[in-house]
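> Protein chains in written order, with my numbering: chain A, 343 to 524; chain B, 343 to 524. Dumping the structure here so I can ask a few things about it.
2 protein chains.
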Amino acid sequence: MNIRTLCLAILNFGQATGYEIKKMSSDTHYAYFVDASFGSIYPALSKLEVEGCLTSHEEREPGKPARKVYSITDKGRLELVSHMSDAPKKDIFKSEFLLIAMCAEMLERETVRKAIDNRILQLEEELKFIKDSSEETEHEGTKWIAGYGYACQENSLKYLIENREKLESLAQASSQELEPAE
Amino acid sequence: MNIRTLCLAILNFGQATGYEIKKMSSDTHYAYFVDASFGSIYPALSKLEVEGCLTSHEEREPGKPARKVYSITDKGRLELVSHMSDAPKKDIFKSEFLLIAMCAEMLERETVRKAIDNRILQLEEELKFIKDSSEETEHEGTKWIAGYGYACQENSLKYLIENREKLESLAQASSQELEPAE
DNA sequence: AAGACATATATCGAAATGATATATGCCCAA
DNA sequence: TTGGGCATATATCATTTCGATATATGTCTT
C-alpha cells in the first residue's frame, strides 16, 4: 500500500497535521498498514492537497510552531473507498528473528537464548499495546482488528514458549555449558 | 535487515547465482527475512565480492546464458555470524486486509466478504506452502521456523473463520440484501 | 540556567523497489 | 514447423521511500 492511502485513511478518522500522521503511522495501530517517514508523508500530503483530495488550514497560536492541519474532502473519501474496494495485496511478514532461528546451528547458545528472550518481551509488549488501544476506542472496526491481532500474537507467544528449548538445543553449546556427547 | 545479510545467509547454504537468490528470496522460506529485487541483489553481490565476502566463477555451457555463480568465503561467514549475533530488529507485519477490516463500515458488504474470502485463500495457500517446504528439508533450523510459521498461520486462519461474521456485519448492507431496521 | 524532550515542518543522500531491456533456450500447441 | 509463452540470466533506471539531519519553539525537570 502506498503512503497516499495511509494518509487518507488516517484523515478519514479526523483532521491531523503531517507530524501527527507520522506519529500515528509509527506508534498506533495504523502501523499495521504501512510505516511511513516524514520524507514520504509531507510530499504525499502536498500532492493530495493540490489534487483536491485534502484541504488544509493553518492554526497559529502565539509561541507555538504553526500547525498545518489537513482535512479529507469528498474527493479524497472517494479515492480511499475506491482503493480499498480493490483486492488487497498479500500481507507482508518479515522477521530477523526467524533468520537467527534458522541459522541457530551457526550461533552460540547464549546468542540464540537472548534472541528468544528479546522476542518474547516484544510479543508481550505488543499484546499489552493491543489490549490498551482496544480499550481506548469505541470504533468497532478498530476493535475487530485489535481482537484479531491479539489472538495471533498470543498464539505466537504461546508456541515460542513451548518450543524454545528445541530451538536452543540446535545452537552451539556455550563454553561454560556441558552438552551430552553425540 | 539489509540485502547483504540475506545474500550471505542464502549463500551459506550453498552457491547460487543472482537470479537464483532473487527467486529464493521471493518464492521460498527466505521470503520471511526480506523480499529483494534484482536491482538490489546484483549491486549487493558485486560489492560483497569486491570486499572479499564472496567469490565467483563463470559457468559456461554452450547455448545457455553464462551463469555467474557466487560462493561465500570465511570472511563472509564471519560477517554473517557477526550480524546475526546483534539483537534482531522487531518483526515487521503489514496488512492491507486489516485496513479494509478497520474501514469495513465504509465499504459494501460484498467488498468486505470478498476481501475475507481472498485472505482465507491466501492463508490456506501459505499453510500448504509451509507444509511442503518443511517436508522437503532435513535442516533442523528450517524445520523449526516452518513449525512456528505453520502454528501462527493456522491460528490466524481459525480466528478469521470464527469471527468473519462479526466483521461482515459492520459493512454496509449491499442493495440486494435485507437488513433488520435499527 | 541548562539540558532534555516534545511538537512541527522540511530537505536530502542513500537505499530499495518495480518495471523494463536484452538475450538464449526449451516446450507445446496450432 | 513455427511461433508464442515460459524459464533462465544479467543489467539498468526512474520513482519511491527511508533514515538522518536541520531548524525552530516551548515545556518540564534538575
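A virtual CB, placed ideally from N, CA and C, is assigned to each residue, including glycine. In this text, all values refer to a predicted model and were calculated from it rather than measured experimentally.
1. Quick one: using the 10 Å Cβ neighbour count with 16 as the cut-off for buried, is residue 290(B) buried or exposed?
2. Starting from the C-beta of residue 524(A), find all residues in its chain whose C-beta is less than 8 Å away, skip the five residues before and the five after it, and write them out in chain order.
3. State yes or no: is the C-beta of residue 387(A) within less than 7 Å of the C-beta of residue 360(A)?
4. Runs of 4 residues minimum, wholly inside the region 438 to 481 of chain B: which ones carry the alpha helix (DSSP H) assignment?
5. Strictly below 8 Å CB to CB, what residues from chain B border residue 453(A)?
6. What separation, rounded to the nearest whole angstrom, lies between the Cα atoms of residue 372(A) and residue 376(B)?
7. Consider the Cβ of residue 385(B): report whether some Cβ of chain A lies at a distance smaller than 7 Å.
8. For residue 364(B), which of 348(B), 356(B), 354(B) has the nearest alpha-carbon?
9. What does residue 413(A) pair with, by DSSP beta-bridge criteria?
10. Exposed or buried, residue 402(A), counting other C-beta atoms within 10 Å across all chains shown (16 or more means buried)?
11. Taking residue 508(A) as the query, report the chain B residues whose CB atoms sit under 7 Å from its CB, ordered along the chain.
12. Closer than 8 Å is the cut-off here; do at least three beta carbon pairs connect the region 424 to 444 of chain B with the region 426 to 437 of chain A?
13. Against residue 367(B), what residues of chain A qualify as contacts under a CB-to-CB distance less than 9 Å, listed in chain order?
14. Could you check what DSSP says for residue 435(B) in three-state terms: helix, strand or coil?
15. Helix, strand or coil: how does DSSP classify residue 488(B) here?
16. I'd like to know whether the C-beta of residue 447(B) is nearer than 7 Å to at least one C-beta of chain A.
17. What is the DSSP secondary structure of residue 506(A), reduced to helix, strand or coil?
18. Please classify residue 418(A): is it buried, with 16 or more other beta-carbons within 10 angstroms of its beta-carbon, or exposed?
19. Look at the alpha carbon of residue 390(A) and the alpha carbon of residue 367(A), and state the distance between them as a whole number of angstroms.
20. What residues of chain B sit near residue 471(A), judged by a beta carbon separation below 7 Å?
21. Inspect the beta-carbon positions of residue 450(B) and residue 514(B) and report whether they are closer than 7 Å.
22. Starting from residue 514(B), follow its DSSP beta bridges and name the residues at the other end.
23. Can you name the residues of chain B whose CB is closer than 8 Å to the CB of residue 434(A)?
24. Between the Cα of residue 422(A) and the Cα atoms of 475(B), 343(B), 444(B), which residue gives the shortest distance?
25. Taking residue 420(B) as the reference, give the member of 466(B), 503(B), 351(B) with the closest Cα.
26. Check this for me: beta carbons of residue 398(B) and residue 412(B), under 7 Å apart or not?
27. To the nearest angstrom, report how far apart residue 475(A) and residue 488(A) are at their CA atoms.
28. In or out: residue 463(B) buried (at least 16 other Cβ within 10 Å) or exposed?
29. Taking a contact to mean a Cβ-Cβ separation below 7 Å, would you say residue 447(A) touches residue 512(A) in this structure?
30. Whose Cβ in chain B lies nearer than 7 Å to the Cβ of residue 498(A)?
31. Leaving out the 5 sequence neighbours to the left and right, which residues in its chain are closer than 6 Å to residue 380(B) when beta-carbon positions are compared?
32. Please report whether the beta-carbon of residue 460(B) lies at a distance below 7 Å from any beta-carbon of chain A.
33. Please list, in chain order, all residues of the same chain as residue 370(B) whose beta carbon is under 8 Å from its beta carbon, the five residues on each side excluded.
34. Which first and last residues belong to the alpha helix (DSSP H) in which residue 382(A) is found?
35. So which of 460(B), 482(B), 415(B) has the shortest CA-CA distance to residue 499(B)?
36. Report buried or exposed for residue 408(B), applying the criterion of at least 16 other Cβ atoms within 10 angstroms of its Cβ.
Result, derived from the coordinates:
1. No statement about residue 290(B) is possible, as the shown extent of chain B runs from 343 to 524 and does not include it.
2. As a working mapping, residue 524(A) is identified with position 182 in the first sequence. At residue 524(A) the pLDDT is 44, less than 50, meaning the model places this residue with poor confidence and gives no usable figure here.
3. The sequence position of residue 387(A) within the first sequence is 45, counting from 1. The sequence position of residue 360(A) within the first sequence is 18, counting from 1. Closer than 7 Å, so yes.
4. 438 to 444, 451 to 478
5. Walking along the first sequence from the start, residue 453(A) turns up at place 111. Within chain B, the residues near residue 453(A) are 426, 427.
6. Working through the first sequence from its first residue, we reach residue 372(A) at position 30. Working through the second sequence from its first residue, we reach residue 376(B) at position 34. Going by the C-alpha atoms only, they are around 22 Å apart.
7. In the second sequence, residue 385(B) corresponds to position 43, counting from 1. Cβ-Cβ to chain A under 7 Å: no for residue 385(B).
8. Along the second sequence, read from residue 1 onward, the residue named residue 364(B) stands at position 22. Minimum Cα distance to residue 364(B) is reached at 348(B).
9. As a working mapping, residue 413(A) is identified with position 71 in the first sequence. For residue 413(A), which the question treats as bridged, DSSP gives the partners 397(A).
10. To locate residue 402(A), count along the first sequence from 1; it is residue 60. Exposed, since its Cβ has fewer than 16 Cβ neighbours within 10 Å.
11. Stepping through the first sequence from its first residue, residue 508(A) is reached at position 166. Chain B residues near residue 508(A): 486.
12. yes
13. Start at 1 with the first residue of the second sequence, and residue 367(B) comes out as number 25. Under the 9 Å cutoff, chain A gives no residues; its nearest Cβ is about 11 Å from residue 367(B).
14. Reading the second sequence from its first residue, position 93 is the one you call residue 435(B). The answer is strand: DSSP assigns residue 435(B) an E or B state.
15. Counted from its first residue, the second sequence places residue 488(B) at position 146. Residue 488(B): helix per DSSP, three-state reduction.
16. For the purposes of this step, residue 447(B) is taken as the residue at position 105 of the second sequence. Closer than 7 Å: yes.
17. Translated into the one-based positions of the first sequence, residue 506(A) becomes position 164. The answer is helix: DSSP assigns residue 506(A) an H, G or I state.
18. Position 76 of the first sequence, counted from the start, is the residue given in the question as residue 418(A). Flag for residue 418(A) reads buried.
19. Position 48 of the first sequence, counting from 1, holds the residue named residue 390(A). Position 25 of the first sequence, counting from 1, holds the residue named residue 367(A). Taking the straight line joining both Cα atoms gives about 17 Å.
20. Along the first sequence, one-based indexing puts residue 471(A) at 129. Here the premise fails: no neighbours, minimum Cβ distance about 12 Å.
21. Taking the second sequence and counting its residues from 1, one reaches residue 450(B) at position 108. Taking the second sequence and counting its residues from 1, one reaches residue 514(B) at position 172. Closer than 7 Å, so yes.
22. What you label residue 514(B) is simply residue 172 of the second sequence in a count that begins at 1. Partner(s): 450(B).
23. Counting from 1 along the first sequence, the entry for residue 434(A) is found at position 92. The contacting residues are 377, 434, 435, 436, 437.
24. As a position in the first sequence, residue 422(A) is number 80, starting the count at 1. The residue with the shortest Cα to Cα distance from residue 422(A) is 444(B).
25. Counting from one through the second sequence, the residue named residue 420(B) turns up at place 78. Among 466(B), 503(B), 351(B), the Cα nearest to that of residue 420(B) is on 351(B).
26. Sequence index remark: in the second sequence, residue 398(B) carries index 56 (1-based). Sequence index remark: in the second sequence, residue 412(B) carries index 70 (1-based). Contact: yes.
27. In the first sequence, counting from the first residue as 1, residue 475(A) sits at position 133. In the first sequence, counting from the first residue as 1, residue 488(A) sits at position 146. Between residue 475(A) and residue 488(A), the C-alpha separation is close to 8 Å.
28. Taking the first residue of the second sequence as position 1, residue 463(B) is located at position 121. Its Cβ having fewer than 16 others within 10 Å, residue 463(B) is exposed.
29. Position 105 of the first sequence, counted from the start, is the residue given in the question as residue 447(A). Position 170 of the first sequence, counted from the start, is the residue given in the question as residue 512(A). Yes. Within cutoff.
30. Here the question's residue 498(A) lines up with position 156 in the first sequence. Under the 7 Å cutoff, chain B gives 494.
31. Against the second sequence, residue 380(B) aligns to sequence position 38. Excluding positions up to five away in sequence, the list reads 364.
32. As a working note, residue 460(B) is residue 118 in the second sequence. Yes, residue 460(B) counts as interfacial toward chain A.
33. Taking the first residue of the second sequence as position 1, residue 370(B) is located at position 28. The residues are 475.
34. In the first sequence, counting from the first residue as 1, residue 382(A) sits at position 40. Run containing residue 382(A): 380 to 392, per the alpha helix (DSSP H) assignment.
35. Counted from its first residue, the second sequence places residue 499(B) at position 157. The candidate whose alpha carbon is nearest that of residue 499(B) is 460(B).
36. The residue you call residue 408(B) lines up with position 66 of the second sequence. So residue 408(B) ends up on the exposed side.
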